[in-house]
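In this note's numbering, the protein residues as written are 121 to 304.
Glycine included, each C-beta is placed from N, C-alpha and C at the ideal position.
This structure is a prediction, so every number in the text was calculated from the model and none was measured.
Contents: one structure, followed by commentary.
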């Protein structure tokens, strides 16, 4: 099993895929192998998660959990998530209106998917990695129960989970937009 996991990590590295993306995929427990043709007609394998809109409706409602997000303006957004999806994937796949969420697409290169959990829920989450802690250091409104949505994967026991989106976000894209407008 471990050898299989290591060879699964090495194959995408040899093909030039982003290491952080692979780590993210393995973190959530999704290890399905998919193959897509490259531009030169060659095929290369990589691991990926299915997006909800792309996945066939083969799973029953028992495989889904309800997740609630309290947005910056206090609006409650409710989504249905599948076990194994990250909270970032839930927001993206369900097209939830959370401004600036997930700029790096889950590669642990930003903190725009910063979420705040209730204390009892936070204590039940899987351990936090050093890389996630490094990115959380950059987040606005950091609390003792802060986590990155790209690193928290849905479990059936999370049905009814409510998380809060911080009031502000550290998003370099916003700074770039402001800089471009001031030059005009």
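Practice task
Measure the alpha-carbon distance for residue 246 versus residue 203 and round it to whole angstroms.
Solution key: 14 Å
Practice task
To the nearest angstrom, report how far apart residue 242 and residue 224 are at their CA atoms.
Solution key: 23 Å
Practice task
Quick one: which unbroken beta strand (DSSP E) runs of 3-plus residues sit fully inside the segment 188-261? Chain order, please.
Solution key: 196-202, 234-237
Problem - Rounded distance between the beta-carbons of residue 192 and residue 235, thought under 8 Å - result: Contact doesn't hold; Cβ gap of about 12 Å is too wide.
Handout entry: Simplified DSSP state of residue 186, which is helix, strand or coil
Key = It is a strand residue.
Handout entry: Beta-carbon separation (whole angstroms), residue 272 vs residue 206, contact threshold 8 Å
Key = 6 Å
Exercise for the section: Would you grab the beta carbon distance between residue 216 and residue 189 for me? Rounded to a whole angstrom, and I think it's under 8 Å. Expected result: 6 Å
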